[in-house]
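Chemist: The following block contains the structure, expressed as structure tokens.
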Ligand SMILES: [Zn+2]
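In this note's numbering, the protein residues as written are 2 to 69.
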């Protein structure tokens with residue numbers, strides 16, 4: 002049984018070089034997706050949910066509540 006390399010992006014069979022210039026990806030499209038992942042992680046600042054929550058001011062009790 003011959004091993005067919007699969008595209009790391011879409012898991013479809015990816016033809017090897019030199020027939021497929023986008024190897025190890027199945028197509029130029031998947032190659033760009035993989036490239037975009039790397040660039041995206043470098044340039045995009047994703048704030049984890051926890052930090053976004055911590056950035057919010059803590060909920061304080063109403064001090065100037067006219068009570069009594
Ligand atoms: Zn693919």
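Even glycine gets a Cβ: it sits at the ideal position worked out from N, Cα and C. These figures come from a predicted structure and were not determined experimentally.
For residue 24, I'd like the list of residues in its chain whose CB is within less than 8 Å of its CB, leaving aside the five on either flank, ordered along the chain.
Modeler: Within the chain shown, residue 24 is the residue found at index 23, counting from 1. So the qualifying residues of the chain are 6, 15, 16, 17 and 18.
Chemist: Any residue with its C-beta under 6 Å from a non-hydrogen atom of ligand 1 counts. Can you list them all in chain order?
Modeler: Answer in sequence order: 8, 10, 11, 13, 26, 27, 28 and 31.
Chemist: Relative to the C-alpha of residue 9, which residue among 34, 62, 60 and 61 is closest?
Modeler: One-based indexing of the chain shown puts residue 9 at position 8. Ranking the options by Cα distance to residue 9, first place goes to 34.
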